[in-house]
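Structure first, commentary second.
Numbering (this note's numbering), first residue to last: 106 to 406.
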């Protein structure tokens, strides 16, 4: 048996009961996968080897990943390929919009690889995608999950915000102490700054971030990141278990209990986050539509 395959099997045997999940692909999941391939589109569900892929595909949802499937960074937690990306596909925004229409989505999530090779780090492409999606329906909820735009952050945030997304998200991923191994080409303070930039531009756009746990962080460090996020203006938060998705990825340090996830959720709510999803299989875009609709009802009530 190849070494990588043996590694994956060994990891699965160590999973606690609350992290065991069926990966059987149903008919609807296969149809969604086929449509995405028809349009030549990438998803983080596929490239990131997300454990929720089949469940989301079965519900005709997916998180589109634009700007190719090769990233210019080498984050320790991610299974997306690292290298020299292809040229930007000018037709991609129209294809994302058409796939959204064909899937009859009411809430669409769009993310991307990092494109440090581009002068605008990919911000202009996000703008084009949002504009194409807005042509479908004014009622379509558009959620974007962007890189940090470390060189062009202020201009990138201004341009994308002007295009009119409903939710602007950037994942902090982990605590400052672990950035060197988890996000070696990112900067904790720079990532926090993006929320301040969004908040300064618009009070209509909701801001959102995601954290992974089980990488060796302490509870107090997680609480500290939550406080930093609230201080920077972040309104929505997701917290999920880190799972090693490739043989070269960082190892799992701890399988965090459901009780601890519940503790994190209560702490985040007490800090003033408008909406919090915290559970082992939570990912930044998992059940994004349901979370947003629940939040709207809460704000109305």
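All C-beta atoms in this analysis are idealised placements derived from N, C-alpha and C, irrespective of residue type, glycine included. Note that the structure is a prediction, hence the values are computed from the model and not measured.
Query	Result
So, residue 171 versus residue 215, is the Cβ gap smaller than 8 angstroms?	yes
In chain order, what residues of the same chain have a beta carbon less than 8 angstroms from the beta carbon of residue 399, not counting five sequence neighbours either side?	380
Residues bridged to residue 230 by DSSP?	Residue 230 pairs with nothing; no bridge assigned.
Check residue 277 in the structure and name its three-state DSSP category.	coil
Any idea if residue 242 is buried or exposed, counting beta-carbon neighbours within 10 angstroms, 16 or more meaning buried?	exposed
Does the Cβ-Cβ distance between residue 311 and residue 341 come in under 8 angstroms?	yes
Can you tell me the Cβ-Cβ gap for residue 302 and residue 349, rounded? I've got them flagged as a contact below 8 angstroms.	Not a contact, Cβ separation roughly 33 angstroms.
Helix, strand or coil: how does DSSP classify residue 323 here?	coil
Whole-angstrom Cβ separation of residue 277 and residue 334, contact assumed at under 8 angstroms?	7 angstroms
Taking the alpha carbon of residue 183 as the reference point, which residue from 322, 390, 354, 279 has its own alpha carbon closest?	354
Could you tell me which residues DSSP puts in a beta bridge with residue 346?	318
Using the beta-carbon count (16 or more within 10 Å), is residue 389 buried or exposed?	buried
Residue 191: which of 227, 206, 205 sits nearest, CA to CA?	227
Residue 250 lies in the beta strand (DSSP E); which residues open and close that run?	246-250
If you count every other CB in all the chains shown that lies within 10 Å of the CB of residue 274, and 16 or more means buried, which is it?	buried
Starting from residue 286, trace the alpha helix (DSSP H) in both directions and tell me its first and last residue.	284-287
Given a threshold of 16 other Cβ atoms within 10 Å of its Cβ, counted over all protein chains shown, does residue 402 qualify as buried or as exposed?	exposed
Can you find at least 3 beta carbon pairs, one from the stretch 286-301 and one from the stretch 245-264, that sit closer than 8 angstroms?	yes
One question on the structure: do residue 265 and residue 232 come within less than 8 angstroms of each other, judged by their Cβ atoms?	yes
Express the C-alpha separation of residue 146 and residue 134 in angstroms, rounding to a whole number.	15 angstroms
Taking all protein chains shown into account, do 16 or more other C-beta atoms lie within 10 angstroms of the C-beta of residue 313, making it buried, or fewer, making it exposed?	buried
Could you tell me which uninterrupted alpha helix (DSSP H) segments, each at least 4 residues in length, are contained entirely in the stretch 180-210, listed from first to last along the chain?	197-207
Measure the alpha-carbon distance for residue 305 versus residue 142 and round it to whole angstroms.	39 angstroms
How many angstroms separate the CA atom of residue 272 from the CA atom of residue 358?	31 angstroms
Using the C-alpha atoms, what's the distance from residue 210 back to residue 245?	8 angstroms
Leaving aside the five residues before and after residue 204 along the sequence, list all residues of the same chain whose C-beta is less than 7 angstroms from its C-beta, in chain order.	140, 141, 144, 146
Under the three-state reduction of DSSP, which class applies to residue 359: helix, strand or coil?	coil
Between 269, 315, 343, which has its C-alpha nearest residue 307's C-alpha?	269
If we call anything under 8 angstroms between Cβ atoms a contact, is residue 318 one with residue 262?	no
On the DSSP letters alone, give me the boundaries of the beta strand (DSSP E) that residue 217 sits inside.	212-217
Is DSSP giving residue 313 helix, strand or coil here?	strand
Alpha carbon to alpha carbon, what distance is there between residue 378 and residue 230?	30 angstroms
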